[in-house]
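Under my numbering, the first residue of the sequence shown is numbered 27, with each subsequent residue one higher.
Since the structure comes first, as structure tokens, the remarks are kept for the end.
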Amino acid sequence: MKSLIKKIFLKNHPREIQELLDKSRLPDHVAIIMDGNGRWAQEKRLPRALGHRAGMESLRSAVKLCAKLGIKILTVYAFSTENWKRPQEEINILMGLLYEYIQKELDELHSEQVQVRAIGRTEELPTPALREINRAQELTAGNKKLILNIALNYGGRTEIVDAVRRIASLAAEGKINPEEITEDLFQKHLYTGDLPNPDLLIRPAGELRISNYLLWQIAYTEFYSTSVYWPDFREEEFMKALLAYQHRQRRFGGLM
Ligand code: FPP
Numbered sequence: 027m028k029s030l031i032k033k034i035f036l037k038n039h040p041r042e043i044q045e046l047l048d049k050s051r052l053p054d055h056v057a058i059i060m061d062g063n064g065r066w067a068q069e070k071r072l073p074r075a076l077g078h079r080a081g082m083e084s085l086r087s088a089v090k091l092c093a094k095l096g097i098k099i100l101t102v103y104a105f106s107t108e109n110w111k112r113p114q115e116e117i118n119i120l121m122g123l124l125y126e127y128i129q130k131e132l133d134e135l136h137s138e139q140v141q142v143r144a145i146g147r148t149e150e151l152p153t154p155a156l157r158e159i160n161r162a163q164e165l166t167a168g169n170k171k172l173i174l175n176i177a178l179n180y181g182g183r184t185e186i187v188d189a190v191r192r193i194a195s196l197a198a199e200g201k202i203n204p205e206e207i208t209e210d211l212f213q214k215h216l217y218t219g220d221l222p223n224p225d226l227l228i229r230p231a232g233e234l235r236i237s238n239y240l241l242w243q244i245a246y247t248e249f250y251s252t253s254v255y256w257p258d259f260r261e262e263e264f265m266k267a268l269l270a271y272q273h274r275q276r277r278f279g280g281l282m
């Protein structure tokens with residue numbers, strides 16, 4: 027079995043990978059850091075904008091695969107609180123792509139029963155992008171097949187600060203006692219408060235860091251890294267990540 031898996035990781039056999047996947051042991055929640063758009067474009071001597079555009083196609087493919095396999099939640103890092111440091115032109119491109127993604131995909135997402143959510147300080151996004159993301163959230167609010175969380179103006183530390191602020195306000199209003207603040211209660215005040223934590227975090231493009239993503243939620247998440255850039259991370263790469271996940275032993279700090 028081990029040598030078969032090794033062979034599959036060396037060569038690309040999408041059908042074989044799909045057959046090896048145990049459909050009863052898929053992660054419920056997958057998080058992705060969509061990294062490497064710039065390097066993908068640079069290696070092809072293309073403008074960075076085309077790297078982001080190809081990255082948008084990979085997002086479409088990831089959503090389709092999650093819906094097909096029955097993965098319940100997909101959380102993608104689209105724009106961090108630190109990304110405002112990029113040149114204004116690139117920020118405009120990313121916001122334009124977000125707008126375009128919703129414009130083009132919303133009908134299909136809705137018909138596939140995908141619930142779109144934005145997580146982060148979204149109120150600080152440019153108005154056209156914010157209007158589109160709000161429209162997507164309203165239209166798809168009742169959908170049950172797959173929750174697609176798009177992290178926009180998102181930072182893990184900011185999320186924790188926002189949760190602390192909410193809890194502190196409740197305490198100041200006398201609605202909560204400090205002794206009642208538990209891990210469970212804290213988690214409920216995060217942007218993902220009603221969702222289980224990610225089982226699997228995928229980071230393409232070879233970087234081995236967390237980059238301020240879902241800091242609280244990933245305490246026991248399995249981490250998968252690949253050197254493949256996000257624009258090339260299509261169905262078979264995603265299935266390889268799922269297969270690797272299925273060979274992990276999750277102990278949550280205990281013994282097995
Ligand atoms: C990181 O690659 C990627 C981003 C900062 C943006 C991710 C955006 C998309 C995948 C497309 C847009 C989709 C939506 C829905 C907004 P990088 O530019 O940092 O790559 P590099 O490290 O190789 O330069």
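The beta carbon of each residue, even a glycine, is placed where N, CA and C say it ideally should be.
Source: prediction; values computed, not measured.
Give the DSSP-derived three-state secondary structure of residue i in the structure shown.
i	result
N175	strand
R112	coil
F278	coil
Q243	coil
T218	coil
F259	coil
H55	strand
L235	Checking the displayed sequence, the identity of residue 235 turns out to be Arg instead of Leu. DSSP places R235 in coil when its eight states are reduced to three.
R119	The sequence shown places Ile at residue 119, rather than the Arg named in the question. Helix, per DSSP.
A104	strand
I99	strand
K70	coil
G64	helix
I133	Sequence inspection shows Asp at residue 133; the Ile mentioned does not correspond to that position. Helix, per DSSP.
I128	helix
S201	Correcting the residue type first, residue 201 is Lys in the shown sequence and not Ser. In the structure shown, K201 sits in coil (DSSP, three-state: anything other than H, G, I, E or B).
K266	helix
Specify, as a first and last residue, the run of the beta strand (DSSP E) that residue i falls within.
i	result
E248	E248 to S251
L211	Counting along the chain, L211 falls outside any beta strand (DSSP E), though it belongs to the alpha helix (DSSP H) covering E209 to K214.
R229	L226 to R229
A144	V140 to I145
Pull up the CB-CB distance for residue i and residue j, whole angstroms please, since I reckon it's below 8 angstroms.
i	j	result
V56	I228	7 angstroms
D61	W256	6 angstroms
F105	L85	The Cβ separation is near 13 angstroms, so there is no contact.
L178	A144	5 angstroms
L226	Y271	5 angstroms
E158	Q129	7 angstroms
How would you write the range of the alpha helix (DSSP H) that residue i sits in, first residue to last?
i	result
R79	R74 to L95
V187	G182 to A198
T148	Neither: T148 is in no alpha helix (DSSP H) and is coded neither H nor E.
L165	T153 to T166
L46	P40 to L46
Using a threshold of 8 angstroms, is the CB atom of residue i nearer than that to any non-hydrogen atom of ligand 1?
i	result
A93	no
Q68	yes
G77	yes
F105	yes
D61	yes
S84	yes
R65	yes
I176	yes
Y127	yes
Y255	yes
N179	no
N203	no
R74	yes
N109	yes
L52	no
A144	no
L123	yes
A231	yes
Is residue i near ligand 2 - that is, is its Cβ less than 8 angstroms away from at least one heavy atom of it?
i	result
G81	You won't find ligand 2 in this model; what it holds is ligand 1.
Validate contact between the segment 66-81 and the segment 136-154 using beta carbons, cut 8 angstroms, 3 pairs: No, the segment 66-81 does not touch the segment 136-154.
Cβ pair count under 8 angstroms reaching 3, the segment 248-257 against the segment 183-198: The segment 248-257 is not in contact with the segment 183-198.
The segment 211-222 / the segment 232-250 touching (three or more Cβ pairs under 8 angstroms): yes
Three-pair Cβ contact test at 8 angstroms for the segment 88-102 versus the segment 161-173: yes
Touch test, the segment 181-191 against the segment 151-163, Cβ-Cβ under 8 angstroms, three pairs minimum: no
At least three beta-carbon pairs within less than 8 angstroms, the segment 200-215 to the segment 132-142: No contact exists between the segment 200-215 and the segment 132-142.
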